[in-house]
Amino acid sequence: MASNIKILISCHKDTAYLKSDIWQPIQLGCDSTEKRLPGMLYDNSGENISSKNPMYCELTAQYWAWKNLEADYYGFCHYRRYFSFSDQQYFEDAYGNIIEPYFDDDLIEKYDWADEKVRNLVEKYDVITTVRKDLRQMPGRFSSVMDHYQRAPLLHGEDLQTVLDIIDEKYPEYSKVAHEHCNGHTTSFCNMYILKKEIFFDYCQWMFGVLEEFCKRVDMSHYTTEALRTPGHLSERLFGIYYLKLMEKNPELRVKELQCVFLEKTDKQSLLAPAFQENSVPVVFAANDRFVPMFAACLRSVLDHISDQYNYDLVLLQSDVSDENKAELLGMVAGYKNVSLRFFDAARMVKNYKLKANAHISVETFYRFLIQAAMPDYDKILYLDCDLIANADVAELYQTDVEGYMLAAARDPDFLGQINGANLGTKLYCEQEFKMKDPYNYFQAGVLLFNEKEMRKAYSLDEWLMFASHPYKYSDQDVLNLYCEGKVKYLDMAWNMITDCDHTRVSQVIVHAPASVQAEYRKAHANPKLIHYAGFMKPWHRPTEDYARKFWDASRRTPYYEELLFRMSDGIAYWAVYENNKRFGVKRIKELAKKVIKKVGNKLFPKGTARREKLKVWLKR
């Protein structure tokens, strides 16, 4: 007959988690909140100590299980920490954790979290813990358990000694192993274990008894928030003591140590349904946390031109945007009833692909491929790069008919200038590697009106990301041009007017483009609808860039204006070097070295010396 195994997952917020017959999530601290997380157990039902959660932490789940749950095996994990039940040994960080960026279904197979796999392993043992660690090998190089606790910056080192005093007085049979453990250098962490019923009950009887006495003896009224968690911290050491005593009394017990899997992000991720029922204009952007100030300027400009005839469903594809920045951005749209802004963590969808962007472009550029999967209920979606400023209502662009096409985009005058004489390397790239049938149809991918119905029909998300894994010269832009060729509707260039980057793009590159392209560009430049600061030089690098005033006008009306000014002042030295040299690196260092030699060379490198000759050789490289 199969054993009744229950592994409780301690949770204090709505989060992704395992759930099955064995894995049972339990909400902690329920006494202090009216919010109930659906589908969970609650630590304030039956006999409980839920009110003590600020001090006892995940122990309120263990107490609840002790008093209310019937099982043959009792196990405890945390919504960020799980056991690995896999036979394979995985790389651990310095603290002994296997690091996973996200919680997703792939991990169930990787770490054998399915009930059958868990049961097959658990039933073989009486005690399962995390791998016991040698504190001397951990960051800090602690000499003992006591040393580790006493050096914790927000805890009170004397508290562990108080626990030893309690054990000496009230539980003398544990005294010897208690001192051995605290003076030793091996322990386990996180209050993670799986114990047979009789062992678990015995441990709870002893551990909660020690902590109850501790709370009677120690005044914690002036402890910090972290120090108030002292009973929870102490229990990790108490388990180490109990473990040693258990092994001493019952050396025949079957024991297993498992690796600990730490999940960096555990928030729930669902596909995005439309935010509005009708008249929707879905617009997708992609940015990382550092690019939020620039996205804010873009967002401000979009909001400046919206119409009350439409509902604007705005989505930012991201992976690391902070909660603080999300709150700032949501504040920007708070006053608009017909605007929704949502954030979608895209990185977890690309984690199995080798995507590497080139030059000044970040990996977020590949997120546009995810739109067809992340927003499955939309058949047409507008994608905008974040380094642009809207000068018109994007709903006007969205009304473009793309029936029968995969996407709509504007031709790229920079690329066309390159292949028409400005850059021999790009021309050779098109002839030898980038096999577009007609590279003069190459479009710029910063503004794309996707016919997602056709995109899905042509290729799956996996296929798109596999294509994107190839190291093309212009990353995702090349992929889209190559695999959408022949099914592109060309937009007026005013909908993606790329600026005169570094005040040289027009005079040195676009001047080589075909005459019709130059004419279209001049017209678009005179009256742009979307101003795109494509290229390595941006208005936030140098405020004299082409159409920079449009960017700064929008930025002034965001929460990030001062931050961008600070960033720009921080970069003045770099751009001064750029203006003088166009390449900051060894060449510039050599030039500076030559100037130094002219002034003090005879003193530092006297003529005829070996060091002067070595320096000459280096300068000639």
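As numbered in the numbering used here, residues 2 to 622 make up the sequence shown, in order. By construction, the Cβ of each residue, glycine as well, lies at the ideal position given by its N, Cα and C atoms.
At the C-beta level, ALA393 and LYS530 come within 8 Å of one another.
Under the DSSP assignment, CYS261 falls in the beta strand (DSSP E) whose first and last residues are 261-266. ASP73 is positioned such that its CB atom lies closer than 8 Å to that of LYS198. According to DSSP, GLY336 shares a beta bridge with no other residue. In the structure shown, the three-state DSSP call for ASN424 is coil.
LEU60 is not a Cβ neighbour of PRO275, given a cutoff of 8 Å. A distance below 6 Å between beta-carbons, with the five flanking residues on each side excluded, links SER176 to the following residues of its chain, in chain order: ILE168, ASP169. Less than 8 Å separates the beta-carbon of MET193 from that of PHE84. In this structure HIS234 is buried. Its beta-carbon is surrounded by 16 or more other beta-carbon atoms within 10 angstroms. Burial is judged here by how many other beta carbons sit within 10 angstroms of a residue's own beta carbon; GLU253 has fewer than 16 and is exposed. The alpha-carbon separation between VAL284 and CYS216 amounts to approximately 56 Å. Nearest in C-alpha terms to GLU521, of all of ALA411, LYS458, THR505, is ALA411. Excluding five sequence positions before and after MET139, the CB atoms of its chain that fall closer than 7 Å to its own CB belong to ALA95, TYR96, given in chain order.
Going by DSSP, GLY447 is part of the beta strand (DSSP E) stretching over 444-452.
GLN319 sits in a strand when the DSSP states are folded into three classes. In the three-state reduction of the DSSP assignment, ALA396 falls in the helix class.
According to the DSSP assignment, ILE242 belongs to no beta strand (DSSP E) but to the alpha helix (DSSP H) extending over 231-250.
Going by DSSP, ALA66 is part of the alpha helix (DSSP H) stretching over 60-69. Between MET407 and GLU455, the CB-CB gap stays under 8 Å. Listed in chain order, the beta strand (DSSP E) elements of length 3 or more contained wholly in the stretch 106-157 are 128-131. Residue ALA298 holds the alpha-carbon nearest to the alpha-carbon of TYR562 among LEU385, LEU429, ALA298, LYS327.
MET498 has its alpha-carbon roughly 6 Å from the corresponding atom of HIS526.
Inter-segment contact for the stretch 99-111 and the stretch 261-272 is present: three or more beta-carbon pairs are separated by less than 8 Å.
About 15 Å separates the Cβ atoms of LYS474 and PHE444, ruling out a contact at the 8 Å cut-off. Judged by DSSP secondary structure, PHE84 falls within the beta strand (DSSP E) whose first and last residues are 82-84. Between LEU315 and ARG37, the alpha-carbon positions lie close to 30 Å from each other. Excluding residues up to 5 positions away in sequence, ARG301 lie with their Cβ nearer than 8 Å to the Cβ of ARG558 in the same chain. THR505 and LYS524 have their alpha carbons spaced roughly 18 Å apart.
Around the beta carbon of GLU110, fewer than 16 other beta carbons sit within 10 angstroms, so the residue counts as exposed.
Judged by beta-carbon spacing, ILE8 lies beyond the 8 Å limit of PHE86, meaning their Cβ atoms are not closer than that value.
As the crow flies, the alpha-carbon of GLU124 is around 7 Å from that of SER4. One Cα belongs to TYR384, the other to GLU397, and the distance between them is close to 14 Å.
For THR559, the secondary structure class from DSSP, reduced to helix, strand or coil, is coil.
The Cβ atoms of LEU417 and ALA516 do not sit closer than 8 Å to each other.
For SER302, the uninterrupted alpha helix (DSSP H) run begins and ends at 293-305, by DSSP.
Between LEU136 and HIS149 the beta-carbon gap is near 5 Å, inside 8 Å, which marks them as a contact.
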